[in-house]
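Right, one structure below, let's go through it.
Number of protein chains: 2
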Amino acid sequence: MSVQERKERERAARERLIVATARELAEQQGWDAVTTRRLAERIEYSQPVLYSHFRGKREIIGAVALEGAAELAAAVRAATAAADCPRERVYALARAYLDFAARNPAVYDAIFQLDGGLAFAHEDTPEPLKDAFAALLESLGEVAGDGVHPGLFTETFWAALHGLATLTRAGRLPPEDAELRVELLVDRLAVV
Amino acid sequence: MSVQERKERERAARERLIVATARELAEQQGWDAVTTRRLAERIEYSQPVLYSHFRGKREIIGAVALEGAAELAAAVRAATAAADCPRERVYALARAYLDFAARNPAVYDAIFQLDGGLAFAHEDTPEPLKDAFAALLESLGEVAGDGVHPGLFTETFWAALHGLATLTRAGRLPPEDAELRVELLVDRLAVV
DNA sequence: GATTCGATCCTAGCACCGCTAGACAAGTGA
DNA sequence: TCACTTGTCTAGCGGTGCTAGGATCGAATC
Chain A
1 MSVQERKERE
11 RAARERLIVA
21 TARELAEQQG
31 WDAVTTRRLA
41 ERIEYSQPVL
51 YSHFRGKREI
61 IGAVALEGAA
71 ELAAAVRAAT
81 AAADCPRERV
91 YALARAYLDF
101 AARNPAVYDA
111 IFQLDGGLAF
121 AHEDTPEPLK
131 DAFAALLESL
141 GEVAGDGVHP
151 GLFTETFWAA
161 LHGLATLTRA
171 GRLPPEDAEL
181 RVELLVDRLA
191 VV
Chain B
193 MSVQERKERE
203 RAARERLIVA
213 TARELAEQQG
223 WDAVTTRRLA
233 ERIEYSQPVL
243 YSHFRGKREI
253 IGAVALEGAA
263 ELAAAVRAAT
273 AAADCPRERV
283 YALARAYLDF
293 AARNPAVYDA
303 IFQLDGGLAF
313 AHEDTPEPLK
323 DAFAALLESL
333 GEVAGDGVHP
343 GLFTETFWAA
353 LHGLATLTRA
363 GRLPPEDAEL
373 RVELLVDRLA
383 VV
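Read top to bottom, the protein sequences are chains A and B.
By this note's numbering, the letter at position 103 of the first sequence is numbered 103, and the numbering carries on one by one without gaps.
Numbering-wise, this note's numbering comes out as the position in the second sequence, counting from 1, plus 192.
What follows is the structure, encoded as structure tokens:
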């Protein structure tokens, strides 16, 4: 019994190592640099070992995405918990969200840009993704305004943040006035 | 002289063929399917011919992006020209923008998601890109509201549209309430 | 303690990718 | 007609994701 348990533990540890290494490599050199060969070399195993844990590269990206979604949810909740009024909570949420995207660009891409084989806006959406949306909804729902469905408001606000995050990082928006754009967004969209 | 002119004409025609074929292939089967081999086969030339027109695949994507940006600008201007008041213009703009993204997903990706080697928010930004932003600015600038820089407002509104476009298409947002989200965005952001 | 046997892992290889060197043919001007 | 430029193609490089099949190692059995 114990032997098998030890093996399962080791196997789980190796799986975590794969995900962590993929993430690290992606943040260091971008997802293009995350090849199965390089990844295998970094974890000091051969290539096929990766395929005994994941169906393919896509699933590895998906695993990084789930890990990242949980962190994003936690970051948002931590930021909003420290704020007093609804408006301040929304400010804090927006800043925390954009800050996460800026600090973890590869992870952010894994969650929202790349194909990690994850289902969204579905009943079989993985729990961390649903929870990340829930974290947004908790603070954004209370500033949706009369007659506006909280979920719909959250989706719209989230999309705006997502646009700012991606366009800024892709060099499509000059980074100087990032703070002003956030203020504009919050001031106009949030109803207090 | 005339011989050389004819050759240049033919060469230009072939270059247009390459760009059009790349775009077509991308819209049909996605950018992943646009390989230099397949593209060469479709235009009935060998692979290296592509490299006599473009430095590489990236530049081909860039060419599609520029073509698309010009169309996007035209679509936005056509839609806003038909509207009477500022608010209606913004509605029309938002719908035209999202419609373009939905109808030409591959082109939209080439412009805003993929690396086409294009400079943005720079002095050496290609003209079609600057003009596309200008097209947005023309209608959005007039609803920025007092004390808000029109350019900054346009950037923010654009980012919100971009977020809606990408998240919807990537399956991150359910497509049902797309219209409601647009209305919410316009009603809250635009000051009339 | 030797032996069987199954799980585990690696070597080698597939078809494909972007890109390029060098051979070759076709068309141009003398 | 001939030299030469120009244009195009064949073939190949190193890389990619992924997999088949053989080797190895450790656990359980006699």
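No residue lacks a Cβ here, since even glycine has one placed at the ideal position from N, Cα and C.
Chain A places no beta carbon closer than 7 Å to that of A370 of chain B, leaving this residue out of the contacts. The C-alpha of R203 of chain B is placed about 14 Å away from the C-alpha of P240 of chain B. At least 7 Å separates the beta-carbon of A40 of chain A from that of V34 of chain A. Taking 7 Å as the cut-off, the beta carbon of G141 of chain A is found closer than this to the beta carbon of P150 of chain A. Counting other Cβ atoms within 10 Å of its Cβ, S331 of chain B reaches 16 or more and is therefore classed as buried.
In this chain, the alpha helix (DSSP H) harbouring A159 of chain A covers 150-169. In terms of beta-carbon proximity, H354 of chain B lines the interface with chain A, with at least one pair separated by less than 7 Å.
Residues of the same chain with a CB within less than 7 Å of the CB of G309 of chain B, apart from the 5 flanking positions on each side, are R250, E251, G254 in chain order.
Counting every other CB atom within 10 Å of its CB across the protein chains shown gives R364 of chain B a total of 16 or more, marking it as buried. P297 of chain B has a beta carbon lying at 7 Å or more from every beta carbon in chain A. Flagged as an interface residue toward chain B: T156 of chain A, by a C-beta distance shorter than 7 Å. Taking the Cβ atoms as the reference, I111 of chain A lies roughly 5 Å from G68 of chain A, within the contact range of under 8 Å. Here the alpha carbons of V186 of chain A and V143 of chain A stand approximately 10 Å from one another. Contact between the stretch 144-164 of chain A and the stretch 285-304 of chain B is absent: fewer than 3 CB-CB pairs across the two stretches fall below 8 Å. Taking 7 Å as the threshold, the shortest C-beta distance from R181 of chain A to chain B falls below it. Contacts with chain B at 7 Å (Cβ-Cβ) include P174 of chain A. Given a length threshold of 4 residues, each whole run of the alpha helix (DSSP H) inside the stretch 76-106 of chain A is given here in chain order: 86-103. Look at F312 of chain B: its C-beta is under 7 Å from a C-beta on chain A. Within chain B, the residues whose beta carbon sits less than 7 Å from that of R188 of chain A are R380, L381, listed in sequence order.
Residues of chain A with a Cβ closer than 9 Å to the Cβ of G222 of chain B do not exist; the shortest Cβ-Cβ separation is about 10 Å.
At the C-beta level, A73 of chain A and A22 of chain A stay beyond 7 Å of one another. Contact check for L167 of chain A and Y97 of chain A: beta-carbon distance about 14 Å, past the 8 Å limit, so the pair fails to qualify. At a cut-off of 7 Å, the C-beta of L344 of chain B has a neighbouring C-beta in chain A. The C-beta separation of F100 of chain A from A75 of chain A comes to about 5 Å, placing the pair in contact by the 8 Å criterion. The beta carbon of A274 of chain B sits closer than 8 Å to the beta carbons of A284 from its chain, once the five residues preceding and following it are set aside; these are given in chain order.
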